[in-house]
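Numbering-wise, the sequence shown is residues 0 to 185 according to numbering that gives the first Met the number 0. For glycine and all other residues, C-beta sits at the position ideal for the given N, C-alpha and C. Step one of this worksheet: look at the structure below.
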Amino acid sequence: MQRTRTSCSVASLSIALNALTSVHCRGEVEQTLDEAKILARMTMDKLRQNLSQGTGGATLNEAAEIAVETLAGLELLNHSVTAHHMDEPNETYIEIFRGDLAGSTSGSSVIIVNYHQGVATGRDLSHGHFAPAAPVTPEARQLCVVDPAMDGAPFVLDVEHIVKAMATKDKDSGRNRGYLKIALGS
């Protein structure tokens, strides 16, 4: 569960990596990851401070770096972390995203979406957010977004709708948002 208003990236990583390692690494990973453990592994001091104090969030690429550091700290060397920026929300990008979502049902990968919260929810919100996501159906036409915020609840969106929310510019990075694909055994 997200502890500060800006720590959705590490809260999402905690949820996703715990799910991934519980399925894929039985007996290899002896600890449950929470926000504090992920933050403690971070080498980006200023970002760690911002996330801990709720004064700033992570970009998609920074979240990818945090995931890499966390997995390396667990000595899980056979992994991949890929940041996919939704630069062109066209059919090709949507099909790649659907394929990654569908692939996550095997238990060897997880998806964390980085999206504009107002665009995704229709509420009066003007900031980015991170949340783990999984397909609702085998063809990945809809996905369940697991909001890590304390007042958040899982919700279902059409893939095209979340793609619109991901294809928004993050003012801190100057790039569009997107998603992380984290895989073990790859």
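Between the C-alpha atoms of residue i and residue j, what's the straight-line distance to the nearest angstrom?
| i | j | result |
| --- | --- | --- |
| S103 | D169 | 25 Å |
| L156 | L100 | 13 Å |
| Q48 | L38 | 9 Å |
| A132 | T81 | 15 Å |
| I93 | L46 | 31 Å |
| T136 | A18 | 19 Å |
| V145 | P134 | 11 Å |
Give me the residue from the options with the minimum Cα distance to residue i.
| i | options | result |
| --- | --- | --- |
| R2 | V162, A166, D157, D150 | D150 |
| G56 | N17, P88, A101, H115 | H115 |
| G184 | G53, H78, M43, L16 | H78 |
| C7 | A82, D33, L100 | D33 |
| A117 | H128, S172, L46 | The sequence as given places Gly at residue 117; Ala does not occur at that position. For G117, the nearest C-alpha among the options comes from H128. |
| S172 | A62, A130, T91 | A62 |
| T31 | T167, Q52, G72 | G72 |
Could you round the C-beta distance between residue i and residue j to whole angstroms and report it? I think they count as a contact, below 8 Å.
| i | j | result |
| --- | --- | --- |
| L50 | V9 | 6 Å |
| A66 | L142 | Wrong, their Cβ atoms sit about 19 Å apart, outside the cutoff. |
| R97 | A35 | Actually they do not touch by this definition, with Cβ atoms about 34 Å apart. |
| M0 | P153 | About 13 Å; that fails the 8 Å criterion. |
Quick one, are the C-beta atoms of residue i and residue j less than 8 Å apart?
| i | j | result |
| --- | --- | --- |
| M43 | R176 | no |
| I161 | A15 | no |
| I110 | L12 | no |
| T69 | T5 | no |
| N89 | M165 | no |
Determine the DSSP secondary structure at residue i, reduced to helix, strand or coil.
| i | result |
| --- | --- |
| S79 | strand |
| Q1 | coil |
| V135 | coil |
| V155 | strand |
| R174 | strand |
| L142 | strand |
| L183 | strand |
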